[in-house]
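The block underneath contains the structure these notes are about, expressed in structure tokens.
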Amino acid sequence: MFLLTACAATVQPGSTGAPTVDSSPATEEPSAIPTPTREAPPPSGAEREFRTDFSRHSVDYSEILSGGPPKDGIPALDHPQFISVDQADGWLQPQEPVILVHIGDDARAYPLQVLVWHEIVNDVVDGVPVLVTFCPLCNTAIAFERTLDGRVLDFATTGRLRYSNLIMYDRQTETWWQQANGEAIAGEWTGTNLDFLPAPIIAWREFKASFPDGKALSTDTGYSRAYGQNPYVGYDDIDSSPFLYRGPETPDSLRPMTRILALEVHGDAVAFTYSVLEELRVVNETIGGEDVVIFWQPGTASALDSSGIAFGRDVGSTNAFSRRVEGRSLTFAFDGSTFVDDQTGSRWDILGAAIGGKLAGQRLSPIVAINHFWFSWVAFQPGTRVYQP
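In our numbering, the protein residues as written are 7 to 395.
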């Protein structure tokens, strides 16, 4: 039995300090988006808590629900501390899920055992201001650039949900932003989209093997939380129902809580179920005119299954890349132990690095691909096709 509020759990007895529980480029100026035809007042209490310009909005306010906590009730991390791989290896288990953000020579792991309690990290990676987010109710790990019109924005939680998905706000203008698609839905920046960054969920063992000089987000956050514990026990059961979901009816092509990897390239949205990816291990596909490959491998625990995140069932990890290398498209297969391209016989790992063969040392270019539950992705991308082998 689990009790959830917002994108965080209700405090369980004995816990301390737990909370109650192709992207569009940024435009130079906030867009003038007409308000929806159906009028509803701003969400209850919002005008007291926020200085947002609620006269500007692109969604119907009746779709927005309180998740329980107030503004900032789930605290974002504004001054994240990082430790070395060797230090983090003392408390992160090999199979634990982490979000990878890799820019230039700077590779960082954001353990879900921390993000499940904070949902937002304002960071700077290789000099780039970055927003790293995780919405447990939708299983969405998404990273964005947080510079708009030359201005760096800092993000935090509103305590509200739309379609069960985290609504964030920026502290500079208090515009409200939808985590699932990076869109400003109320306030000064209404109609603007944040730029996505690749942010796959992978196992800690994969991060430390690929980036021994990388960094991991520390549990030294300044907050007392039950890091390592999952406040959403059993939530990702295929038979469970989305929490606080008031949105479009979910197409019955998949069950609502089906775990998918979702891609949108040049307007072409495709969902790949984890069950199909587990069966095939490799998918070569063309999406929006771009040649794409998706890898899947076992060994990553679900953060939303058992009470201890490290002991969640193995759901594997997956990643998407462009198949274009040195001016040509490669095709890939799984040889029983690793990923191999047909053209050169080079061997590749789950992070798109060539670890042997003619192309050893090269890396595939990552494509933004987001872990979702089906109900969440299709609510925001209703034209999505489901990949069938």
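From the three backbone atoms N, C-alpha and C, an ideal C-beta is built for every residue, glycine too.
Reduced DSSP category for Trp97 - H, G, I as helix; E, B as strand; rest coil: Stepping through the sequence shown from its first residue, residue 97 is reached at position 91. Correct three-state label for Trp97: coil.
For Arg177, the three-state DSSP class (helix, strand or coil): Within the sequence shown, numbered from 1, the residue matching residue 177 stands at position 171. Coil at Arg177, not helix or strand.
8 Å contact criterion, which Gly322 and Pro304 should meet: CB distance rounded: Residue mapping note: residue 322 aligns to position 316 of the sequence shown, counting from 1. Residue mapping note: residue 304 aligns to position 298 of the sequence shown, counting from 1. Yes, they are in contact, since the Cβ atoms of Gly322 and Pro304 sit about 5 Å apart, within 8 Å.
Simplified DSSP state of Lys221, which is helix, strand or coil: Here residue 221 is taken as the residue at index 215 of the sequence shown, counted from 1. Lys221: strand per DSSP, three-state reduction.
Ser68 versus Leu260 - alpha carbon distance: Taking the sequence shown and counting its residues from 1, the one referred to as residue 68 is at position 62. Taking the sequence shown and counting its residues from 1, the one referred to as residue 260 is at position 254. The alpha-carbon atoms of Ser68 and Leu260 are separated by roughly 26 Å.
Of the listed residues Gln184, Glu212 and Asp176, nearest to Leu357 (C-alpha basis): Position 351 of the sequence shown, counting from 1, holds the residue named residue 357. Closest option to Leu357, Cα to Cα, is Glu212.
Val384, enclosing alpha helix (DSSP H) - first and last residue: What you label residue 384 is simply residue 378 of the sequence shown in a count that begins at 1. Here the alpha helix (DSSP H) through Val384 covers Trp380 to Phe386.
At least three beta-carbon pairs within less than 8 Å, the region 337-346 to the region 290-305: yes
Exposure of Ser382, with buried meaning 16 or more beta-carbon neighbours within 10 Å: Your numbering for residue 382 matches position 376 in the sequence shown. Per the 10 Å Cβ criterion, buried.
Classification of Val130 by the beta-carbon crowding that lies within 10 angstroms, buried from 16 upward: Here residue 130 corresponds to residue number 124 of the sequence shown, with the count starting at 1. Exposed is the call here.
Phe150 versus Phe217 - alpha carbon distance: Locating residue 150 in the sequence shown gives position 144, counting from the first residue. Locating residue 217 in the sequence shown gives position 211, counting from the first residue. Approximately 21 Å, taken between the alpha carbons.
Contact belief for Pro142 with Tyr238 at Cβ below 8 Å, rounded distance in angstroms: Position 136 of the sequence shown, counting from 1, holds the residue named residue 142. Position 232 of the sequence shown, counting from 1, holds the residue named residue 238. So it is a contact: roughly 5 Å between Cβ atoms.
Distance CB(Val91)-CB(Tyr233) smaller than 8 Å: Numbered from 1 along the sequence shown, position 85 holds the residue referred to as residue 91. Numbered from 1 along the sequence shown, position 227 holds the residue referred to as residue 233. No, Cβ-Cβ distance for Val91 and Tyr233 is not below 8 Å.
Option in Arg265, Ile315 and Gln93 with minimal Cα separation from Ala375: Position 369 of the sequence shown holds residue 375. Cα-wise, what sits closest to Ala375 is Arg265.
Element boundaries [alpha helix (DSSP H), containing Phe213]: Position 207 of the sequence shown, counted from the first residue, corresponds to residue 213. Start and end: Trp210 to Ser216.
Span separating the alpha-carbon of Leu310 from that of Gly333: Here residue 310 refers to the residue found at position 304 of the sequence shown. Here residue 333 refers to the residue found at position 327 of the sequence shown. In a straight line, the C-alpha of Leu310 is about 41 Å away from that of Gly333.
Closest by C-alpha distance to Val419, when choosing among Val282, Ala268, Gly342 and Ser313: Because the chain in this structure spans residues 7 to 395, residue 419 falls outside the shown range and cannot be described.
Spatial distance of Cys144 from Gly165 (CA atoms): Residue numbering aside, residue 144 sits at position 138 when the sequence shown is read from its first letter. Residue numbering aside, residue 165 sits at position 159 when the sequence shown is read from its first letter. Straight-line Cα distance between these residues: approximately 15 Å.
Buried or exposed by the 16-neighbour rule on C-beta atoms within 10 Å, applied to Arg114: The count along the sequence shown starts at 1 and reaches residue 114 at position 108. Result: buried.
Nearest-angstrom beta carbon gap, Asn199 and Phe386 [assumed within contact, 8 Å]: Mapped onto the sequence shown, residue 386 falls at position 380. Mapped onto the sequence shown, residue 199 falls at position 193. Contact flag wrong, Cβ pair sits at about 12 Å.
Simplified DSSP state of Pro42, which is helix, strand or coil: Position 36 of the sequence shown, counted from the start, is the residue given in the question as residue 42. Low confidence applies to Pro42: its pLDDT is 48, below 50, so where it sits in the model is not reliable enough to give any reading.
Own chain partners of Tyr393 with C-beta closer than 6 Å, once the 5 adjacent residues on each side are dropped: Here the question's residue 393 lines up with position 387 in the sequence shown. Same-chain partners within the cutoff: Val276 and Phe278.
Stretch-stretch touch, CB-based, cutoff 8 Å, three pairs: the region 189-206 with the region 46-59: yes
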